[in-house]
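Participant: So that we are looking at the same thing, I have put the structure below in structure tokens.
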């Protein structure tokens, strides 16, 4: 299973009731907890942060997780990813091509892409992985614009063997359906954000373990 924590310091900090000045510290604690529990990928998705500050944040996260197997990526900002020593970049569906990113990056640099339909999975290029969504309805996405389980399965087929990670409304109860779809794993924001009264690091570490266990158990049964 490939497990991916997508960052959102604003959403995390708001859920924890923190002041804006504390959001980055909370994000660092979340990422370190996830890395210590074995999360595979962390795309840093902070679109409101300007380039220099984003590069500093990514550099800190890379240093924080250096003794783990977790790979820190940057969402769509190849320049920042390269400057900050990140392990890769995660491209938006309508961003520049995977081939163009590889042409500018060193060997071993990871390139992922977001996709929303089976047809865009076909044309996504030779990405190391694809994140497909939104799968299930969320606060901002209605069922009418979601892939659903059937749509996710179609994306997996269209991906031609490239690993597909499901995103959008995915949490512990839906993990068996992700496994049955043929997806290689899960990417999530909200699944790694604790509820009121829950300790951040302990929650995140347990969530990484539980998501992986649920996925592996579903595969064992099938």
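Numbering (the working numbering), first residue to last: 632 to 853. Don't be surprised by glycine CBs; every beta carbon is placed ideally from N, CA and C.
Might you give, ordered along the chain, the residues of its own chain that have their beta carbon closer than 7 Å to the beta carbon of residue 691, omitting 5 neighbours on each side?
Facilitator: These residues qualify, in order along the chain: 659.
Participant: Tell me which same chain residues have a C-beta within less than 6 Å of the C-beta of residue 636, skipping the five on either side of it?
Facilitator: Correct list, in chain order: 665, 670, 673 and 823.
Participant: Applying the 10 Å Cβ sphere with the 16-neighbour rule, what's the burial state of residue 767?
Facilitator: So residue 767 counts as buried.
Participant: What does DSSP give as the partner residue(s) for residue 816 in the beta ladder?
Facilitator: Per DSSP, 633 and 796.
Participant: Flag this pair as yes or no: are the beta carbons of residue 687 and residue 721 separated by less than 9 Å?
Facilitator: No. Outside cutoff.
Participant: Alpha carbons only, please: which of 662, 757 and 791 is nearest the one belonging to residue 702?
Facilitator: If we check each option's Cα against that of residue 702, 662 comes out closest.
Participant: Who are residue 743's beta bridge partners in DSSP?
Facilitator: Per DSSP, 721 and 760.
Participant: Spatial neighbours of residue 714 within its chain, please: CB distance less than 7 Å, with the 5 preceding and 5 following residues excluded, ordered by chain position.
Facilitator: 686.
Participant: Assign residue 746 to one of two classes, buried (16 or more other C-beta atoms within 10 Å of its C-beta) or exposed (fewer than that).
Facilitator: When all chains shown are included, residue 746 counts as buried.
Participant: Alpha carbon to alpha carbon, how far is residue 834 from residue 825?
Facilitator: Going by the C-alpha atoms only, they are around 6 Å apart.
Participant: If I measure Cβ to Cβ from residue 783 and keep anything under 7 Å in the same chain, skipping five residues before and after, which residues do I get?
Facilitator: Excluding sequence neighbours, residue 783 sits near 763, 766, 797, 812 and 814.
Participant: Looking only at its chain, what residues have a beta carbon closer than 6 Å to the beta carbon of residue 709, apart from the 5 residues adjacent to it on each side?
Facilitator: 720 and 732, listed in sequence order.
Participant: Can the beta-carbon of residue 704 be found closer than 9 Å to that of residue 717?
Facilitator: It is a contact, given that the beta carbons lie within the stated cut-off.
Participant: So for residue 640, helix, strand or coil by DSSP?
Facilitator: In this structure, residue 640 counts as helix in the three-state DSSP scheme.
Participant: What number of angstroms, rounded off, separates the C-alpha of residue 648 from the C-alpha of residue 697?
Facilitator: When rounded, the distance between both Cα atoms is 29 Å.
Participant: To the nearest angstrom, how far is the alpha carbon of residue 780 from that of residue 808?
Facilitator: For residue 780 and residue 808, the distance between alpha carbons rounds to 7 Å.
Participant: On the CB-based measure, 16 or more other CB atoms within 10 Å of its CB, does residue 645 come out buried or exposed?
Facilitator: It counts as exposed.
Participant: Tell me whether residue 793, by its Cβ, gets closer than 8 Å to a heavy atom of the ligand COA.
Facilitator: This structure does not include the ligand COA; it has no bound ligands of any sort.
Participant: By the three-class DSSP mapping on this structure, what secondary structure does residue 674 have?
Facilitator: In this structure, residue 674 counts as strand in the three-state DSSP scheme.
Participant: Residue range of the alpha helix (DSSP H) that residue 702 falls in?
Facilitator: Note, residue 702: premise wrong, no alpha helix (DSSP H); beta strand (DSSP E) at 702-706.
Participant: By Cβ distance, which residues of its chain are closer than 6 Å to residue 816, with the 5 residues on each side in sequence left out?
Facilitator: For residue 816, where only same-chain residues beyond five positions count, the Cβ hits under 6 Å are 632, 633, 634 and 796.
Participant: Judging by CA-CA distance, which residue of 777, 711 and 679 is the nearest neighbour of residue 655?
Facilitator: Residue 655 has its Cα closest to that of 679, out of 777, 711 and 679.
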